[in-house]
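This report refers to the structure that appears directly beneath it.
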Amino acid sequence: MAKQRMLQFVSVEKQMPEKRAAEARAHDFKEIYGEFADAKATEQASRCSQCGVPYCQSHCPLHNNIPDWLRLTTEGRLQEAYELSQLTNTFPEICGRICPQDRLCEGNCVIEQSGHGTVTIGAVEKYITDTAWEEGWVQPIRPAVERSESVGIIGAGPGGLAAADALRRAGVQVTVYDRYDRAGGLLTYGIPGFKLEKEVVMRRNKQLEDGGVRFVLNCNVGSDISFAEIREKHDAVLIATGVYKSRDLQGPGSGARGIVRAIDYLTASNRQNLGDTVPEYESGELNAAGRKVVVIGGGDTAMDCVRTAIRQGADSVKCLYRRDRANMPGSQREVQNAEEEGVVFEWLTAPQGFAGDPVSGVMVQRMRLGAPDASGRQSPEVIEGADYVEEADLVIKALGFEPEDLPALWGEEALEVTRWGTVKANFRTHETAMPGVYAVGDIVRGASLVVWAIRDGREAADAMLEAFEAASTGVAAE
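Per full-length UniProt numbering, residue 1 is the first one in the sequence shown, and the count goes up by one each step.
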């Protein structure tokens, strides 16, 4: 029967060769192949060479045991494949959707390096985890023993939720405090729904809540509750706030109407798609429909903005970036996706100011690449006399994020930060200089990947559990 289904699948594949390109874009076997999704997952997994040096695993921040769960998928043992992937990754269905695999596991696949095209690891990871939810293989959070220790987590993003999951499964009492009305952080309000369906995030939130994690939402630490109060309530505190302060762009006309921050634009779009009433979206202030859109920036957030604008029905969408394509920090796969959807990239262009109020255009300076800087990347240099105005009536600034001044916001000068404003924490335990206070994710690393935040959250949970055990036995933790 399995052989017959594979032959049927091969027949369909031959009739529809464009499926391979679609698969690379969508990472959704079920959407593309329908009833033959299992055969496609098996076919892709079987391409793994089971090499002796699994570069895919070593280049995954979580060190997921990728070769073994690909082998299990090939053998049709999907439940075991899921269970193995879940051992090292709290949210494999999320990472399968949004990780930049082209820069991590897939980009370092030996099949890819040999020129034969990578194994689509992310798509297989997504497939086996979605199947696990459908088949009821995902285990609820049911601690074998309840513990007396309590942890307060500030921030309901991926780092905080990963720690909450690990702590609660160990029986620790967990309370998560977050400024938004839904948990998930940027998983809920930053990443667009066409990349990460919100029901996927809400399903994990419900699992945590059903498992005993308490959420205190619409709660701003520093105003609704003090940091000192949270420390008083709990045996340990985890700071997992992420970074939400947008980098700004100054210049003539920068305060004009029609110039908006990426975080505001994406949040409005996600809220609208979740069914919320969003006045700024309905008024057109944060809606690209019928607009000439210019996005400034070259990272993954910029890609989220341009692709969202296309889906909202913008008349045109352009992305300005001051370096060239090769030096763009965002995922090359995302750039390709955006180009195929109609986005125009203007490489080696830097905004100098804005025309009109409301905005009617971006004053642009052409650039060229000069000598490499300290990071090894070529520095952009101005080409004198090569300036022009790029027409636009909606400009989205996607220049990245910086940490908020937490010591000032929370009135905690003892909370040590780096010169960049990120929280200082031990690289292994994630504990700060304040006893019992830990920090993970972007608030420590600076703006980074979801997968790194998950790793940090899991490691911090392990360190807290070790500290709790040491306190109960009177033996100091290493």
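For every residue, glycine included, the Cβ atom is placed at its ideal position computed from N, Cα and C.
Taking 8 Å as the cut-off, the beta carbon of threonine 120 is found no closer than this to the beta carbon of threonine 73. Around proline 100, the same chain offers Ser331 as residues with beta carbons nearer than 6 Å, after the five sequence neighbours per side are excluded. DSSP places cysteine 219 in the coil class of the three-state scheme, outside both helix and strand. Between threonine 175 and cysteine 60, the alpha-carbon positions lie close to 29 Å from each other. One thing to note: valine 362 has its Cβ within 8 Å of the Cβ of proline 351. The alpha-carbon separation between proline 358 and leucine 394 amounts to approximately 9 Å. In this chain, the beta strand (DSSP E) harbouring leucine 320 covers 316 to 321. Taking every protein chain shown into account, the CB of alanine 386 has fewer than 16 other CB atoms within 10 angstroms, so this residue is exposed. Looking only at Asn205, Pro143, Phe91, Ile111, the smallest Cα-Cα distance to glycine 52 is reached by Ile111. A Cβ-Cβ contact shorter than 8 Å links histidine 234 with glycine 152. Secondary structure note for proline 351: it is in no alpha helix (DSSP H), and the uninterrupted beta strand (DSSP E) holding it is 349 to 355.
Listed in chain order, the non-local C-beta contacts of alanine 314 below 6 Å within the same chain comprise Ala288, Arg291, Val293, local neighbours out to five positions each way being set aside. Cβ-Cβ separation between tyrosine 127 and alanine 183: approximately 25 Å, too far for a contact (criterion under 8 Å).
Measuring C-alpha to C-alpha distances from alanine 262 to each of Ile225, Ser283, Ile230, Asp304 identifies Asp304 as the nearest. Here the alpha carbons of arginine 179 and leucine 249 stand approximately 26 Å from one another.
Out of Leu238, Glu346, Gly212, the CA that lies nearest to the CA of glutamine 365 is found in Glu346.
The C-beta distance from alanine 439 to threonine 432 rounds to 5 Å, short enough to meet the 8 Å contact threshold. At a cut-off of 4 residues, the continuous stretches assigned as alpha helix (DSSP H) that sit fully inside the UniProt domain "Dihydroprymidine dehydrogenase" (25 to 136) are 29 to 33, 37 to 46, 55 to 58, 66 to 74, 78 to 88, 92 to 98, 110 to 113, 121 to 135. When secondary structure is reduced to three states using DSSP, isoleucine 141 falls in the coil class, being assigned neither helix nor strand. For tyrosine 177, the pairing in a beta bridge is given by DSSP as Ile154, Val216. Here the C-alpha atom of glutamate 404 lies approximately 17 Å from the C-alpha atom of isoleucine 225.
Counting C-beta atoms within 10 angstroms of its own C-beta, proline 92 has 16 or more neighbours from the protein chains shown and is therefore classed as buried.
With fewer than 16 other Cβ atoms from the protein chains shown falling within 10 Å of its own Cβ, isoleucine 383 counts as exposed.
With fewer than 16 neighbouring CB atoms inside 10 Å of its own CB, phenylalanine 427 falls in the exposed class.
Between glutamate 285 and the set Ser269, Ile296, Asn273, the nearest pair of CA atoms involves Ser269. Taken atom to atom, the span from the alpha-carbon of threonine 473 to that of tryptophan 410 is near 33 Å.
Shortest Cα-Cα distance from glutamate 146 to any of Glu412, Ala447, Gln173 involves Gln173. In this model, threonine 301 and alanine 471 are separated by some 43 Å (Cα to Cα). Rounded to the nearest angstrom, the gap between the Cα atoms of alanine 164 and lysine 206 is 13 Å. Valine 417 has Val423 as its beta-bridge partners, per DSSP.
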